[in-house]
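Note that the sequence shown covers residues 974 to 1338 in this note's numbering. All C-beta atoms in this analysis are idealised placements derived from N, C-alpha and C, irrespective of residue type, glycine included. None of the values given here were measured: they were computed from a predicted structure. The next block holds one structure in the form of structure tokens; read it before the comments.
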Amino acid sequence: MRVLPLAAMLLASCGDTSPPGSPSGPGITGVSGSTGTHTTEGTTTSSEPGDDSAGGPVSTSTGILRDVGTAEDFGPSQPPGCKGKVDVLFVISRLGTMVTEQDQLVASFPGFVDTIEQTLEGFDVHIMTANPDGEWPGYDYCEGGDGQCAAYWPNCGPYAPDYDCKTFADMATPCDEKLGAGLIFNVGGDAANKLCDLHGGNRYIISGEPDMKGALECIAKVGASGRDPPLGDAMIAALSPKLNGAGGCNEGFLREDALLVVVLIMDNADIKSKSHAKTQYEAIVAAKGSARAVVMLAVVPQPLKEGEPMVPGCAYDESGPLNFEDLLSRFPYHEVGDTCAPSYAPFFEQAAARIGEACGSFIPQ
């Protein structure tokens, strides 16, 4: 794992010294652009220009943006960069087909935490996982009706043995079933099935979390008991003023002077969102002020490579780029990973490099 080189690059650019189912749809194969792409293990990186909120071209080949001048123009004071502040938003499908991907995601957490702690050492980080479908799976999957509690009382069956019937339902709050709200109570099949005790008392992780690995697993092990999610709509909701403002479920998560990193993880096409790439892009830029202040990441199905064995239970894209390609291509800083990769750690390592590039050109609004 290339930790130290990434750390050096990031610090230099920022100037900071401190139940199972079957696949149901296609994803995207990658992102390409006018200036070419290059492929690394588990990822496809695009180096094409992107557009900011004003529609102007952006080059990602240098840490200084063309339209704000050169280092000489700034004199001894360089652009402030992200000053160590990074807000990371995960939006993860919990459809029944996500069992394999969930295991791979959880397995990659130690490497991802190492990347955060070593590559982003000294940074002020917020990390949140957003509700992808506006539901709390305990109600439908476990409690009442055809729920698992009826057959497996006092727990929720073989896929959720740690679920506590009735008790957990009484603990759920309105924010636990709000689209885009930070997840701290993931329940149901293959989920964490516990209430996350996060340092700071928010619906997201903050710097100073004493058990970063445990906290990440708790908020991001969303399970596989949800419906087909409107992932794009959930992303927009998570960044909305209503949820991030005073009294909102995500109050304080999104900071004006922080770089925003969005991570979308889904093993089928987003066919449920009412929004589309253009409106999603506009909502993100409205939340941050500029596309330059955002790093967009997606882990989605890729075509099965010739000669490689199929991963049991994993979805492959054989129909072309359908999922999030248009959205990601609008941002100058983005990465695409493969849901079927044996580990997502290499993807996040590459993403750290993108964060370093974006951090070097990000000027807080």
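Check: Measuring CB to CB, does residue 1265 end up less than 7 Å from residue 1222?
Finding: Position 292 of the sequence shown, counted from the start, is the residue given in the question as residue 1265. Position 249 of the sequence shown, counted from the start, is the residue given in the question as residue 1222. Not closer than 7 Å, so no.
### Query
Can you pull the DSSP bridge partners for residue 1106?
Position 133 of the sequence shown holds residue 1106. The partner list for residue 1106 (beta bridge, DSSP) is empty, contrary to what the question assumes.
Taking 7 Å as the threshold (beta carbon to beta carbon), is residue 1076 in contact with chain B? No chain B appears in the structure shown, which is made up of a single protein chain.
Notebook entry, point to check: Taking the runs of the alpha helix (DSSP H) that are 4 residues or longer, which of them lie wholly in the segment 1187-1232?
Noted result: 1204-1211, 1214-1217
Tell me, which residues are paired with residue 1270 by DSSP? The residue given as residue 1270 occupies position 297 in the sequence shown. DSSP, once it has assigned bridges, lists 1236, 1308 as partnering residue 1270.
| query | Can you name the residues that DSSP bridges to residue 1063? | reply | What you label residue 1063 is simply residue 90 of the sequence shown in a count that begins at 1. The partner list for residue 1063 (beta bridge, DSSP) reads 1102, 1236.
- Would DSSP call residue 1068 helix, strand or coil? Position 95 of the sequence shown, counted from the start, is the residue given in the question as residue 1068. Three-state DSSP puts residue 1068 in a strand.
Pull up the distance between the alpha-carbon of residue 1321 and that of residue 1086, whole angstroms please.
-> Along the sequence shown, read from residue 1 onward, the residue named residue 1321 stands at position 348. Along the sequence shown, read from residue 1 onward, the residue named residue 1086 stands at position 113. Residue 1321 and residue 1086: Cα-Cα distance of roughly 10 Å.
*asked:* For a quick check, are the C-beta atoms of residue 1138 and residue 1157 less than 7 Å apart?
replied: Indexing the sequence shown from 1 puts residue 1138 at position 165. Indexing the sequence shown from 1 puts residue 1157 at position 184. No, Cβ-Cβ distance for residue 1138 and residue 1157 is not below 7 Å.
* **Outcome for residue 1058 when other beta-carbon atoms lying within 10 angstroms are tallied against a minimum of 16** => Position 85 of the sequence shown, counting from 1, holds the residue named residue 1058. Classification for residue 1058: buried.
| message | Across the segment 1199-1215 and the segment 1237-1252, are there enough close Cβ pairs to call them in contact, namely three or more that are closer than 8 Å? | response | yes
- prompt: Quick one: any contact between the segment 1120-1128 and the segment 1148-1155, if contact means 3 or more CB pairs under 8 Å?
  reply: no
Secondary structure at residue 1155, three-state DSSP: helix, strand or coil? If you number the sequence shown from 1, residue 1155 lands on position 182. Residue 1155: strand per DSSP, three-state reduction.
Going by beta carbon distance, what residues of the same chain come within less than 6 Å of residue 1250, once the five residues before and after it are set aside?
Position 277 of the sequence shown, counted from the start, is the residue given in the question as residue 1250. Same-chain partners within the cutoff: 1299, 1300.
Next item on the list: In angstroms with no decimal places, state the Cα-to-Cα distance between residue 1272 and residue 1140.
Entry: By one-based count along the sequence shown, residue 1272 stands at place 299. By one-based count along the sequence shown, residue 1140 stands at place 167. Cα-Cα distance, rounded: 35 Å.
Considering only the beta carbon of each residue, do residue 1101 and residue 1181 sit closer than 7 Å? Counting from one through the sequence shown, the residue named residue 1101 turns up at place 128. Counting from one through the sequence shown, the residue named residue 1181 turns up at place 208. Not in contact: residue 1101 and residue 1181 (Cβ atoms no closer than 7 Å).
- With DSSP as the reference, label residue 1329 as helix, strand or coil. Here residue 1329 is taken as the residue at index 356 of the sequence shown, counted from 1. It is helical.
From which residue to which residue does the alpha helix (DSSP H) around residue 1302 run? As a working mapping, residue 1302 is identified with position 329 in the sequence shown. Here the alpha helix (DSSP H) through residue 1302 covers 1298-1302.
**Request:** Give the straight-line distance between the Cα atoms of residue 1111 and residue 1068, rounded to the nearest whole angstrom.
**Result:** By 1-based counting over the sequence shown, the position of residue 1111 is 138. By 1-based counting over the sequence shown, the position of residue 1068 is 95. Roughly 14 Å separates the two Cα atoms.
Margin query: Using the Cβ count rule (16 or more neighbours within 10 Å means buried), how would you classify residue 1183?
Written below: If you number the sequence shown from 1, residue 1183 lands on position 210. Classification for residue 1183: exposed.
Notebook entry, point to check: So, helix, strand or coil for residue 1257, using DSSP?
Noted result: Here residue 1257 refers to the residue found at position 284 when the sequence shown is read from its first residue. DSSP places residue 1257 in helix when its eight states are reduced to three.
Just to confirm my understanding: we take residue 1224, look at its own chain, exclude 5 residues before and 5 after, and list those with CB closer than 7 Å. What are they? Taking the sequence shown and counting its residues from 1, the one referred to as residue 1224 is at position 251. Cβ neighbours of residue 1224 beyond the five flanking positions: 1217, 1218.
For residue 1058, the residue or residues it bridges with in DSSP: Position 85 of the sequence shown, counting from 1, holds the residue named residue 1058. Paired residues: 1097.
Exercise. Quickly, what does DSSP pair residue 1178 with across the bridge? List them, please.
Key: In the sequence shown, counting from the first residue as 1, residue 1178 sits at position 205. For residue 1178, which the question treats as bridged, DSSP gives the partners 1100.
Check your understanding: Can you name, in chain order, every residue of its own chain whose Cβ lies under 6 Å from the Cβ of residue 1210, other than the five neighbours on each side?
Key -> What you label residue 1210 is simply residue 237 of the sequence shown in a count that begins at 1. Cβ neighbours of residue 1210 beyond the five flanking positions: 1152, 1153.
Worksheet item: By DSSP, does residue 1252 sit in helix, in strand, or in coil?
Response: Locating residue 1252 in the sequence shown gives position 279, counting from the first residue. It is helical.
**DSSP three-state assignment for residue 1146, whether helix, strand or coil** = For the purposes of this step, residue 1146 is identified with residue 173 of the sequence shown, where counting begins at 1. Of the three classes helix, strand and coil, the one that applies to residue 1146 here is coil, per DSSP.
Should residue 1196 be labelled buried (16 or more other beta-carbon atoms within 10 Å of its own) or exposed? As a first step, residue 1196 must be located in the sequence shown, where it is residue number 223. It counts as buried.
Here's the rule: buried if 16 or more other CB atoms are within 10 angstroms of the residue's CB, otherwise exposed. What is residue 1185? Residue numbering aside, residue 1185 sits at position 212 when the sequence shown is read from its first letter. Its Cβ being crowded by 16 or more others within 10 Å, residue 1185 is buried.
message = So for residue 1124, helix, strand or coil by DSSP?
response = The residue labelled residue 1124 in the question sits at position 151 within the sequence shown. Note: residue 1124 maps to helix in three-state DSSP.
Assuming residue 1318 and residue 1081 form a contact by the criterion Cβ under 8 Å, report the distance between their Cβ atoms to the nearest whole angstrom.
For the purposes of this step, residue 1318 is taken as the residue at position 345 of the sequence shown. For the purposes of this step, residue 1081 is taken as the residue at position 108 of the sequence shown. At roughly 5 Å, the Cβ-Cβ gap stays under 8 Å, so residue 1318 and residue 1081 are in contact.
- Task: With DSSP collapsed to three states, give me the class of residue 1335.
- Result: Here residue 1335 corresponds to residue number 362 of the sequence shown, with the count starting at 1. Coil.
query = By how many angstroms is the C-alpha of residue 1284 removed from the C-alpha of residue 1171?
reply = Within the sequence shown, numbered from 1, the residue matching residue 1171 stands at position 198. Within the sequence shown, numbered from 1, the residue matching residue 1284 stands at position 311. Between residue 1171 and residue 1284, the C-alpha separation is close to 34 Å.
Practice task
Would you mind stating whether residue 1257 and residue 1267 have Cβ atoms separated by less than 7 Å?
Solution key: Counting from 1 along the sequence shown, the entry for residue 1257 is found at position 284. Counting from 1 along the sequence shown, the entry for residue 1267 is found at position 294. Yes. Within cutoff.
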